[in-house]
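Engineer: Letter by letter, the sequence shown follows residues 131 to 384 of the numbering used here. Built from N, CA and C at the ideal position, the CB exists for glycine as well.
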Amino acid sequence: MLFIIIVVPFYKLSIQEHSLEKMQGTWLLPIVPAIIMAATGSIVSQVQEYERAKFMVLLSYIIWGLGVLPSLCIIAFLYSKTAIYNLPPAEQLASIILPLGTLGQGSFAIVNLGIEANRLFSETGKEFVPVDMIGQIALAGGTLVGLVFWGFGLFWVVLSASCVIYGIKKNDIKFNIGWWGITFPLGVFISATNNFGNLLENDGFKAFGSFLTVCIFIFWLLCMVNTIKGVCTTKLFNDPCFALPTVSKPALKP
131 MLFIIIVVPF
141 YKLSIQEHSL
151 EKMQGTWLLP
161 IVPAIIMAAT
171 GSIVSQVQEY
181 ERAKFMVLLS
191 YIIWGLGVLP
201 SLCIIAFLYS
211 KTAIYNLPPA
221 EQLASIILPL
231 GTLGQGSFAI
241 VNLGIEANRL
251 FSETGKEFVP
261 VDMIGQIALA
271 GGTLVGLVFW
281 GFGLFWVVLS
291 ASCVIYGIKK
301 NDIKFNIGWW
311 GITFPLGVFI
321 SATNNFGNLL
331 ENDGFKAFGS
341 FLTVCIFIFW
351 LLCMVNTIKG
361 VCTTKLFNDP
371 CFALPTVSKP
381 ALKP
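1. Just mark Gln235 as buried or exposed, buried being the case when its beta carbon has 16 or more other beta carbons within 10 Å.
2. Is it the case that the Cβ atoms of Gly244 and Leu269 are separated by a distance below 7 angstroms?
3. Might you give, ordered along the chain, the residues of its own chain that have their beta carbon closer than 7 angstroms to the beta carbon of Asn350, omitting 5 neighbours on each side?
4. Should Leu352 go down as buried or exposed, given a rule of 16 or more other Cβ atoms within 10 Å for buried?
5. Using the rule of at least 16 other Cβ atoms within 10 Å of the residue's Cβ for burial, across every protein chain shown, is Gly334 buried or exposed?
6. Applying the criterion that 16 or more other CB atoms from any shown protein chain within 10 Å of the CB defines a buried residue, is Asn325 buried or exposed?
7. Taking the continuous alpha helix (DSSP H) assigned at Gly171, which residues delimit it?
8. Between the region 164-171 and the region 185-200, do three or more beta carbon pairs fall short of 8 angstroms?
9. The alpha helix (DSSP H) that contains Pro219, what's its start and end?
10. Taking the Cβ atom as the reference point for each residue, do Leu230 and Trp286 lie within a distance shorter than 7 angstroms?
11. Since I believe Leu316 is in contact with Ile346 (beta carbons under 8 angstroms), could you give me their beta-carbon distance rounded to a whole number of angstroms?
12. Could you give the uninterrupted runs of the alpha helix (DSSP H) lying entirely in the region 289-338, keeping only those of 4 residues or more?
13. For the alpha helix (DSSP H) that Ile135 lies in, which residues bound it at each end?
14. Can you list, in chain order, the residues of its chain with a C-beta nearer than 6 angstroms to that of Ser321? Leave out the 5 residues immediately preceding and following it.
15. With DSSP collapsed to three states, give me the class of Leu366.
16. So, is Val177 buried or exposed, given that buried needs 16 or more other C-beta atoms within 10 angstroms?
17. Just tell me which of Leu223, Ile193 and Leu250 has its CA closest to the CA of Ile136.
18. Within its chain, find whatever has a CB closer than 7 angstroms to the CB of Glu246; leave out the 5 residues flanking it on each side and keep chain order.
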């Protein structure tokens, strides 16, 4: 994972040639595993003995920083690229939602890390790090930072959904395998939403999380039906999204 996070950006910066016009949301893919690993660490540490759990939580905080902060840089460039050069090609329109994966998983991870840090400090009576009340500070700070990321994610949900709907109305967009890419970003955003619903005991988060869960289930069914249909007709094996390394027909017509 660390190899991918370092080597892929190195190749992009020093060896490969790129332009802002050709930038895609897929640039985030080598970075996102770090955020997933941090979130996983916050969960797995719950069943470990104290010293191992402490090490896992501290390491997960570091890995969270390795993944989230570079992702924010990429998201900023991606927003600028979309504003200047318009929406992605029609066949790659679904990629506009990919930044939501970073924001949703980042929010989920930092909140869970705060919860676990607080548990480790409170239940053992040992110093998590040599700072008083570090567990409570981690929980409060993680919750606030997570809410900020969740708010950014909400902005991206509304923006990307609007762009996708508008692009579909303006173009004859057919189903391709790339539409499956929406399920992960939306899924982790739902996880973060449900997390806040349970942590804050807020019915608004719980209701919104339930609504999004129904939406992603319906979307999953549509993708499954169209995938099976595409396999049976062999149209899915000639998917245009695999052969578009550069910008083609924009999803937004003037």
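Structural biologist: With the structure as the only source:
1. Taking the first residue of the sequence shown as position 1, residue 235 is located at position 105. So Gln235 counts as buried.
2. Along the sequence shown, read from residue 1 onward, the residue named residue 244 stands at position 114. Along the sequence shown, read from residue 1 onward, the residue named residue 269 stands at position 139. Contact annotation: Gly244 and Leu269 have beta-carbon atoms nearer than 7 angstroms.
3. Within the sequence shown, the letter at position 220 stands for residue 350. Here residue 350 turns out to be Trp, not Asn, going by the sequence shown. The answer, listed in chain order, is Thr313.
4. The residue given as residue 352 occupies position 222 in the sequence shown. When all chains shown are included, Leu352 counts as exposed.
5. Indexing the sequence shown from 1 puts residue 334 at position 204. Classification of Gly334: exposed, given that the 10 Å Cβ count is below 16.
6. The residue you call residue 325 lines up with position 195 of the sequence shown. It counts as buried.
7. Here residue 171 corresponds to residue number 41 of the sequence shown, with the count starting at 1. That run of the alpha helix (DSSP H) goes Val162 to Val174.
8. yes
9. Residue numbering aside, residue 219 sits at position 89 when the sequence shown is read from its first letter. Element bounds for Pro219: n/a, residue is neither H nor E.
10. Here residue 230 is taken as the residue at index 100 of the sequence shown, counted from 1. Here residue 286 is taken as the residue at index 156 of the sequence shown, counted from 1. Cβ distance < 7 angstroms, so Leu230 and Trp286 count as in contact.
11. Translated into the one-based positions of the sequence shown, residue 346 becomes position 216. Translated into the one-based positions of the sequence shown, residue 316 becomes position 186. Their Cβ separation, rounded to whole angstroms, is 5 angstroms, which keeps Ile346 and Leu316 in contact under 8 angstroms.
12. 313-329
13. For this step, residue 135 is matched to residue 5 along the sequence shown. That run of the alpha helix (DSSP H) goes Leu132 to Phe140.
14. The sequence position of residue 321 within the sequence shown is 191, counting from 1. The answer, listed in chain order, is Phe238.
15. The sequence position of residue 366 within the sequence shown is 236, counting from 1. In the structure shown, Leu366 sits in a helix (DSSP, three-state: H, G or I).
16. For the purposes of this step, residue 177 is identified with residue 47 of the sequence shown, where counting begins at 1. Burial call: exposed.
17. In the sequence shown, the residue the question calls residue 136 occupies position 6. Closest option to Ile136, Cα to Cα, is Ile193.
18. Along the sequence shown, one-based indexing puts residue 246 at 116. These residues qualify, in order along the chain: Ser172, Ser175, Gln176 and Val187.
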